[in-house]
Every structure is written in structure tokens, then in C-alpha cells.
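Below: the structure, in C-alpha cells.
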Amino acid sequence: MSDYEGTDTLATSPARPRPHLKFSVLSSGSGGNSVYIEAGGKCVLIDAGLSEKKLSQRMAHIGRSLNKLDAVFATHEHSDHIRGMGPLLRKHQLPLYTTEGTYDRAQHCLGKLPGFFRIRAGQPVDFDGLVVEPYATPHDAEESVAFVIHYRGLRLGLATDLGKVTAAVAGKLQKLDALLIESNHDVEMLDAGPYPWVTKKRIRSDVGHLSNEACGEMLATVKHSGLRLVVLMHMSETNNHPELARITARQALGRDDATEMIVAEQNHPTPLIAV
Ligand SMILES: [Zn+2]
Ligand SMILES: [Zn+2]
Numbered sequence: 354m355s356d357y358e359g360t361d362t363l364a365t366s367p368a369r370p371r372p373h374l375k376f377s378v379l380s381s382g383s384g385g386n387s388v389y390i391e392a393g394g395k396c397v398l399i400d401a402g403l404s405e406k407k408l409s410q411r412m413a414h415i416g417r418s419l420n421k422l423d424a425v426f427a428t429h430e431h432s433d434h435i436r437g438m439g440p441l442l443r444k445h446q447l448p449l450y451t452t453e454g455t456y457d458r459a460q461h462c463l464g465k466l467p468g469f470f471r472i473r474a475g476q477p478v479d480f481d482g483l484v485v486e487p488y489a490t491p492h493d494a495e496e497s498v499a500f501v502i503h504y505r506g507l508r509l510g511l512a513t514d515l516g517k518v519t520a521a522v523a524g525k526l527q528k529l530d531a532l533l534i535e536s537n538h539d540v541e542m543l544d545a546g547p548y549p550w551v552t553k554k555r556i557r558s559d560v561g562h563l564s565n566e567a568c569g570e571m572l573a574t575v576k577h578s579g580l581r582l583v584v585l586m587h588m589s590e591t592n593n594h595p596e597l598a599r600i601t602a603r604q605a606l607g608r609d610d611a612t613e614m615i616v617a618e619q620n621h622p623t624p625l626i627a628v
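Residue numbering for the sequence shown follows the numbering used here, beginning at 354 and increasing consecutively.
Here's what the structure looks like:
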């Protein structure tokens, strides 16, 4: 999982070539979020919480270019998801796909855009077979969504910035091949940590962020034999530790579970991973 030049491929059958759906988490955490996804000759970016320059560097790191993107999606208007959005879209003349609520709230920070397509939870967007399906998330934003990505029977789930595990969200995350899920904080570290009380309350709320325990609860709900990769996302550098998050997620999956697990980082992209 350390070779940035090549593509890491999860276990595949040699007899039958698999379709390829690839992704890289370019950045994850309160300092900026962005996920790159490609399949069938199409490529999209989910969120642009880093500057265009940094995104460009991270794309180069995985052997890809922002010039080739077909579209950019925004999950919600918080700055760690749209900080670099306006300049990115203008420089590369890319359309933004987001909900009306997010667009309204983010407009002042986005500036004039080359194109805007309104998306709605439950209404998938199809790029020649690479399908991006938005679903509603419980979060303190105007009309926040997360996504399930489909390509020729493969399913990649993204689930970050959600305050609690709901039946609706868990329902969307069934039968996935790979899941990118928030494991934001350890509850005890958050309680004992330096954040102001009001911030702690917001993070812990039903519209804040998933704790390690809540992430584990979600994993226990959606795990199945076909889930081959879990990426732990949006991890707090102040109120969490990667090993704590890993242990909790592993326990939720079960001792003998063979699901691969990696932790997405704030300052380095993951390799380009084939689902
Ligand atoms: Zn966020
Ligand atoms: Zn947020």
C-alpha cells in the first residue's frame, strides 16, 4: 500500500478480469477533505477542501491530473470541504454538482462558477456508467449529502460528516465492496481534550461527527463477506489516535474478519486503490 506509482489492487480472481473502479483519498480531516474517483474513462472529485495547488500536487502524486476531471461534487458547505472549490472550478473550467442548499450557503465563498448542476438525495448522476448517488446525511449543514459510487456492479460508499448512525444511512451502505467511513474522535479524548465546551457539544451531537464507537456501530451494521476494504476517514488529530480508531473498527468487524483497513491522512494521499 506504499507504492504511489502503481495501483494497489484488492484480491482479484485471475480467471476473470474485474471492472476497475479506482479512488484515492487525497486528504481527510478538518484541515481539508477531497476524494478522487475514476472508472470507465470518467473521473470525478468529491469535495475540494485544499487549495488548487495542493490538490494538483496530490493528484500528481498518484499519477493523475486535475485537467482530466469531468466533474466536482460538494458534500456540504463547511470550509474543510469547499475551501479550494471556486479557484479549482474556474481554473479547470469544471462544473460543480451539489445540492441547492449547499450551493446557496456556499455561494459567497465559491464566487462565479463555470457551471452548476443541482443534485438531490436519491437521484443518481450517471457519467457513462460511473454513477454517483447522493444520499442525505445528518449533519449541521444546509442540505448535506454523502455518496455511494457505482460502476458495473461495484459499490464504493463514502460516509463522512454525519452525526449519528441512522437506519437510512446504514441502508445506503449495504453490500459495498469498499467503505470510506468517518472515525472522527475518541469520546474520552474529546471530553478530556482542549476544545471549548460548545465545540465538544457540537462534535458529539447527532449532527456533528461519528466517534470511533459510532463508526464501529455502523461497521457492525453494514459488514458482509463482500466488504473488502474499509478506509477510516476525517480523523481528528487532537481528539483521536489512529490505533484507537483501528482497534475499535477491527472489533466491530470481528476477530477473524479479513477486510483490509487503512487510515486516510490529512497530509498525504492514499495510493490509487482499485476496488
Ligand atoms: Zn468535514
Ligand atoms: Zn462538515
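Idealized CB from N, CA, C, for every residue including glycine. Because the structure is a prediction, the values reported are computed rather than measured.
Item	Value
Ligand 1 heavy atom lying under 7 Å from the CB of residue 434	yes
DSSP bridge partner residues for residue 568 (one or two, in chain order)	Per DSSP, none; premise fails for residue 568.
Residue from 493, 581, 551, 489 with nearest C-alpha to residue 500	489
heavy atom of ligand 2 below 7 Å from residue 610 C-beta	no
Cβ of residue 483 within 8 Å of any chain D Cβ	Looking at the structure shown, chain D is missing, and only one protein chain is on hand.
Near ligand 1: residue 383 beta-carbon under 7 Å from a heavy atom	yes
beta-carbon residue 503 near ligand 2 non-hydrogen atom, thresh 7 Å	no
Reduced DSSP secondary structure (H/G/I, E/B, other) of residue 510	strand
Nearest to residue 620 (by Cα), restricted to the options 403, 577, 485, 424	403
Sub-8 Å separation of residue 581 and residue 544 beta-carbons	no
Counterpart residues of residue 450 in DSSP-defined beta bridges	426, 470
Distance cut-off 7 Å: residue 494 Cβ against heavy atoms of ligand 2	yes
Euclidean distance between Cα positions of residue 396 and residue 387	13 Å
Neighbourhood of residue 576 by C-beta, 6 Å cutoff - its chain only, sequence neighbours within 5 removed	606
Proximity below 8 Å, CB of residue 494 to CB of residue 429	yes
Buried or exposed (CB count within 10 angstroms, at least 16 for buried), residue 552	exposed
Per-residue burial, residue 590 [other beta carbons within 10 Å of its own, 16 or more giving buried]	exposed
Endpoints, the beta strand (DSSP E) within which residue 535 is located	531-535
When 560, 393, 526, 497 are compared against residue 573, the one with the closest alpha-carbon	526
Contact check, residue 546 vs residue 592, beta carbons under 8 Å	yes
Buried versus exposed, by CB contacts within 10 Å (16 or more), residue 375	buried
Status (buried if at least 16 other CB within 10 Å, exposed otherwise) for residue 622	buried
Sub-8 Å separation of residue 478 and residue 449 beta-carbons	no
Distance cut-off 7 Å: residue 481 Cβ against heavy atoms of ligand 1	no
Bridge partners - residue 421, DSSP secondary structure assignment	Beta-bridge pairing links residue 421 to no other residue.
Burial state of residue 549 (16 or more Cβ within 10 Å)	exposed
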